[in-house]
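Enquirer: My structure is below; once you've seen it, I'll send some questions.
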Amino acid sequence: MHGSSGHKPRGAEDSIGRLLGTLRHQSGLTQKDFAAALGVGRSLVARWETDRGGETAYLPRIAELLGVSPEVFLNRMVSQTTTETVTIDEAELIQIYRTLSISDRVTALRHFRELRDRAGS
0 MHGSSGHKPR
10 GAEDSIGRLL
20 GTLRHQSGLT
30 QKDFAAALGV
40 GRSLVARWET
50 DRGGETAYLP
60 RIAELLGVSP
70 EVFLNRMVSQ
80 TTTETVTIDE
90 AELIQIYRTL
100 SISDRVTALR
110 HFRELRDRAG
120 S
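Reminder that position 101 of the sequence shown reads as 100 in numbering that gives the first Met the number 0, one-by-one numbering, no gaps.
Here is the structure:
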């Protein structure tokens, strides 16, 4: 939970709740409709979107409803380190991705998935 000072905590612009609200809005769903589709109350969706609670058990269904991969949310929940080497092109893609807004990141991921699917991988 965040204090009542009115200041956003560092990283609030990339919070899971903000991402959830953005994706729900882009999908044209109200909190009420989204809650009904998940079988939860609207107040729970409101709490999720303000980062005042969350249940990871719902993430797969939430992602399915919003047409995104669950990793979109999970990547914000854990920091992962990797020993895999990336190419210069891959590093550039990561740098560009990190500068994008949440909605642009979602769009970019969709485009990459479409390219992957066309390539048959």
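Glycine included, each C-beta is placed from N, C-alpha and C at the ideal position. Please read all numbers here as calculations on a predicted model, not as lab measurements.
Going along the chain, which residues of its own chain have a beta-carbon closer than 8 angstroms to the beta-carbon of Gln30, five neighbours each way excluded?
Expert: The count along the sequence shown starts at 1 and reaches residue 30 at position 31. So the list reads Arg23, Arg41, Val44, Ala45 and Glu48, once near-sequence residues are dropped.
Enquirer: According to DSSP, is Ser42 part of a helix, a strand, or is it coil?
Expert: In the sequence shown, the residue the question calls residue 42 occupies position 43. Of the three classes helix, strand and coil, the one that applies to Ser42 here is helix, per DSSP.
Enquirer: Determine the direct distance from the alpha carbon of Arg17 to that of Asp32, and round the result to whole angstroms.
Expert: Along the sequence shown, one-based indexing puts residue 32 at 33. Along the sequence shown, one-based indexing puts residue 17 at 18. Going by the C-alpha atoms only, they are around 18 angstroms apart.
Enquirer: What did DSSP end up calling Val71 once you bin it into helix, strand or coil?
Expert: Residue mapping note: residue 71 aligns to position 72 of the sequence shown, counting from 1. The answer is helix: DSSP assigns Val71 an H, G or I state.
Enquirer: So, are the CB atoms of Ser26 and Leu58 less than 9 angstroms apart?
Expert: Against the sequence shown, residue 26 aligns to sequence position 27. Against the sequence shown, residue 58 aligns to sequence position 59. Cβ atoms of Ser26 and Leu58: not closer than 9 angstroms.
Enquirer: Whole-angstrom Cβ separation of Leu92 and Ile61, contact assumed at under 8 angstroms?
Expert: Reading the sequence shown from its first residue, position 93 is the one you call residue 92. Reading the sequence shown from its first residue, position 62 is the one you call residue 61. At roughly 26 angstroms, the Cβ-Cβ gap does not stay under 8 angstroms, so Leu92 and Ile61 are not in contact.
Enquirer: Does the separation of the CB atoms of Val71 and Arg112 fall below 9 angstroms?
Expert: Within the sequence shown, numbered from 1, the residue matching residue 71 stands at position 72. Within the sequence shown, numbered from 1, the residue matching residue 112 stands at position 113. No, these two residues do not count as a Cβ contact at 9 angstroms.
Enquirer: Alpha carbon to alpha carbon, how far is Gly20 from Thr84?
Expert: Against the sequence shown, residue 20 aligns to sequence position 21. Against the sequence shown, residue 84 aligns to sequence position 85. Each residue's Cα considered, the two are about 34 angstroms apart.
Enquirer: Note down, in chain order, each residue of its chain lying with its Cβ closer than 7 angstroms to the Cβ of Ala34, except the 5 sequence neighbours on either side.
Expert: By one-based count along the sequence shown, residue 34 stands at place 35. Answer for Ala34: Gly40, Arg41, Leu43 and Val44, listed in chain order.
Enquirer: Can you tell me where the alpha helix (DSSP H) with Thr29 in it begins and where it stops?
Expert: Looking up residue 29 in the sequence shown gives position 30. Where Thr29 is concerned, there is no enclosing alpha helix (DSSP H), given that its DSSP letter is neither H nor E.
Enquirer: Helix or strand or just coil, what does DSSP make of Ser14?
Expert: Here residue 14 is taken as the residue at index 15 of the sequence shown, counted from 1. In the structure shown, Ser14 sits in coil (DSSP, three-state: anything other than H, G, I, E or B).
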